[in-house]
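Heads up, the thing below is written out as structure tokens.
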Amino acid sequence: KAGVTQTPRYLIKTRGQQVTLSCSPISGHRSVSWYQQTPGQGLQFLFEYFSETQRNKGNFPGRFSGRQFSNSRSEMNVSTLELGDSALYLCASSGYGTDTQYFGPGTRLTVL
Amino acid sequence: TQLLEQSPQFLSIQEGENLTVYCNSSSVFSSLQWYRQEPGEGPVLLVTVVTGGEVKKLKRLTFQFGDARKDSSLHITAAQPGDTGLYLCATPDSGAGSYQLTFGKGTKLSVIP
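In order, the protein sequence lines correspond to chains A and B. Start counting the first sequence at -11; every next residue gets the next number (the numbering used here). Start counting the second sequence at 195; every next residue gets the next number (the numbering used here).
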């Protein structure tokens, strides 16, 4: 079974721009979660989608948004980028009825 | 949101040495997961502990869950360079039917050949 894939793997943007990151979950998984990882704060939960609905959202500003498509693929968008948004963005998928999350390799976003 | 404290933050040891890393909380864990993350990759689940006092072994790795379910430890015997990575503990918050993990900040382990 193919794992979680994320595209692109690396991204460089400038302040004020917006960015869209993509995640394809493991086949059959309907839950997709997004996390931000920085050296100072560690891994922090952004949001979780299940069957195209956002079920939970972490403590991030409204500039961070996401969506999920009918095939369970998910995208997250960050608008008006700030330097502090530089981070590794990780996507994870889960199967029904389990707490186990399978992570993708992440997208490394650098904001200049 | 439950806070997880991991210690030590950094650990550098020689190949063949033993080590223990810790994960603590002031609140009771419903369950606890341990992950390892290698550079350039996402975290990979090593084990889930659920019952207080539980001990699980994965080759040279031994995971313990405290009796009160407020702490956990990971012990590595005879560390190898392949054990190098970031070790993270996490607890799930499955309230409201949502899967959300709260992570500790991790222990960065370097095993020197």
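Where a beta carbon is used, it is the ideal one built from N, C-alpha and C, also for glycine. Note that the structure is predicted; figures quoted are calculated from it, not measured.
query: Are the segment 196 to 208 of chain B and the segment 82 to 98 of chain A touching, with three or more C-beta to C-beta distances below 8 Å?
result: no
message: Output needed for B:E211: all residues of its chain with C-beta closer than 7 Å, excluding positions within five of it in sequence on either side, in chain order.
response: A273
message: Just to confirm my understanding: we take A:S74, look at its own chain, exclude 5 residues before and 5 after, and list those with CB closer than 8 Å. What are they?
response: T26, L97, T98, V99
Per-residue contacts from B:K250 into chain A (C-beta, under 9 Å): Ordered by position in chain A, no residue passes the 9 Å Cβ test against B:K250, which lies about 15 Å from the chain.
Cβ-based contacts, 7 Å cut-off: residues of the segment 1 to 27 of chain A near chain B: S19, S21
task: Using three-state DSSP, classify B:D261 as helix, strand or coil.
output: coil
- prompt: Any residues in the segment 65 to 98 of chain A with a beta carbon nearer than 7 Å to a beta carbon of chain B? Which ones, in chain order?
  reply: L78, S82, D87, T88, Q89, F91, G92, P93, G94
- prompt: Which chain A residues are close to B:F297, counting only those with a beta carbon under 7 Å from its beta carbon?
  reply: G30, L31
query: Taking contact to mean at least 3 C-beta pairs separated by less than 8 Å, is the segment 269 to 283 of chain B in contact with the segment 243 to 251 of chain B?
result: no
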